[in-house]
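Numbering (my numbering), first residue to last: 1 to 320.
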Amino acid sequence: MGAGASGPEAGQAIMLGVVAYSDSVGSIWEGMRQYFASVDVPLDFCMFTSYDRMVEALVHGHIDIAWNGPLAHVRLKRRTGGKSISLGMRDCDRNFRSHLVVRKGAGIDSLAALAGKRLATGAYDSPQAYVLPLQAIGAAPGGEGLLKSIHVVRFDKDLGKHGDTAAGELEVMRALSAGEVDAGFVSDVMWSKALAAREVNGKGQAQLVVLSDVVPPFDHCQFDAMPTLSATKRDMFSKALFAMSMGVPEHKAVMQLEGIREKWEGPREDGYARMHDALAAEPGVPFPPPLDTVSKHRFASLEVRGDRGIHATKFERACV
């Protein structure tokens, strides 16, 4: 099925970009590389420290395909005027969920009750724990006014990874359990893991509950390419990807490492509509700045807790 030794692009491996967000990333994509080789499709991968750098490498032709998260996917669409090509996603990337979790006894029984409360979020580049949750609040009736009344505590952990390490979400749950904040946003994935591991709602900890799913479901990761990718490489990659099957033990081992439940799914764009809305005012430039900074934001106050123990003091809202 591949180009083979005499194919039109013999010797030219498909170069895939991935972000190194954990120690397991190399093992996952080495397994994928070996699978692709087994079906005569030359594939190699390059690991990046951030999504922004990977997107730049894709735009400038240094890689053929990028394994993008939702923020990077939409930024690429905007950079290319919608001309970038999507090639597929995992089944677990469809209808991703985030939860608004609250502390029992905090007096929060509705979204409107967040007014005047302390709300914890993940890093400013986390789709599931910052960008889309705040977009959802702002889009609700009276949402812009509500945002102006909330005191946000943001955990800027592992910036550049777009929340993939979930370090910010872990801090959100820690702060909730310790009573430092009243509510917080976490993905369903991390919330479920924390409950299963009894890392939340343990003895002596504040009891936490999911208030409501105020964040509509959205799509997460997707393979993206530039429109200049050759049809040969595109077809070789797609055919090999969708030929993977949970019914083949060697395939199943790699697919499960990547979090797939049953199969790879085809590309779709509908699940990114709210991310497009959230980034509507963001400049379509390389390495765009945060949507909110300590000197200009949408809240009653913003406290930023970053890596290396750096803590910014509270800054009152500077933009009205």
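All C-beta atoms in this analysis are idealised placements derived from N, C-alpha and C, irrespective of residue type, glycine included. For clarity, every value in this text was computed on a predicted model and none was experimentally measured.
Pick helix, strand or coil for residue i, following the three-state DSSP scheme.
i	result
residue 218	strand
residue 303	strand
residue 287	coil
residue 315	Its pLDDT being 34, under 50, residue 315 is placed unreliably in this model, and the value from its coordinates should be taken loosely. Residue 315 falls in the strand class under three-state DSSP.
residue 277	helix
residue 270	helix
residue 114	helix
residue 205	coil
Sort out for me which residues DSSP pairs residue i with in a bridge.
i	result
residue 90	264
residue 183	102 and 119
residue 85	225
residue 153	120 and 303
residue 65	16 and 225
residue 296	293
residue 96	218
What are the boundary residues of the alpha helix (DSSP H) that includes residue i?
i	result
residue 56	51-59
residue 196	188-196
residue 36	24-38
residue 249	249-257
residue 137	132-139
residue 172	167-177
residue 144	143-147
residue 238	231-242
Alpha carbon to alpha carbon, how far is residue j from residue i? Give it in angstroms, no decimals.
i	j	result
residue 136	residue 32	36 Å
residue 64	residue 234	9 Å
residue 245	residue 200	36 Å
residue 26	residue 142	45 Å
residue 242	residue 19	22 Å
residue 258	residue 28	7 Å
residue 320	residue 298	Note that residue 320 has pLDDT 26, beneath the 50 cutoff, so the model's placement of it is unreliable and no number is given.
residue 133	residue 206	23 Å
residue 178	residue 103	10 Å
residue 230	residue 236	10 Å
residue 218	residue 98	9 Å
residue 58	residue 152	34 Å
residue 192	residue 198	10 Å
residue 307	residue 293	16 Å
residue 195	residue 149	30 Å
residue 109	residue 211	7 Å
residue 251	residue 239	14 Å
residue 94	residue 271	7 Å
residue 139	residue 288	22 Å
residue 168	residue 128	11 Å
residue 215	residue 165	20 Å
residue 296	residue 232	47 Å
residue 35	residue 47	18 Å
residue 223	residue 171	29 Å
Name the two residues that bound the continuous beta strand (DSSP E) containing residue i.
i	result
residue 47	43-48
residue 79	Segment 70-79 is the alpha helix (DSSP H) holding residue 79; no beta strand (DSSP E) there.
residue 208	208-212
Tell me whether residue i, by its Cβ, gets closer than 7 Å to a heavy atom of the ligand MG.
i	result
residue 71	By its list of ligands, the structure shown contains no ligand whatsoever, and the ligand MG lies outside what it can speak to.
Is there a Cβ from chain B that is less than 8 Å from the Cβ of residue i?
i	result
residue 69	No chain B is present in this structure, which holds just one protein chain.
Assess, as a yes-or-no matter, whether the segment 252-270 is touched by the segment 78-90 under the definition of 3 or more beta carbon pairs within less than 8 Å. yes
Would you be able to state if there are at least three C-beta pairs under 8 Å between the segment 177-187 and the segment 110-123? yes
Would you check if the segment 269-287 and the segment 64-82 touch, i.e. whether three or more CB-CB distances between them fall below 8 Å? yes
Determine contact between the segment 157-168 and the segment 32-52, defined as no fewer than three beta-carbon pairs at a distance below 8 Å. yes
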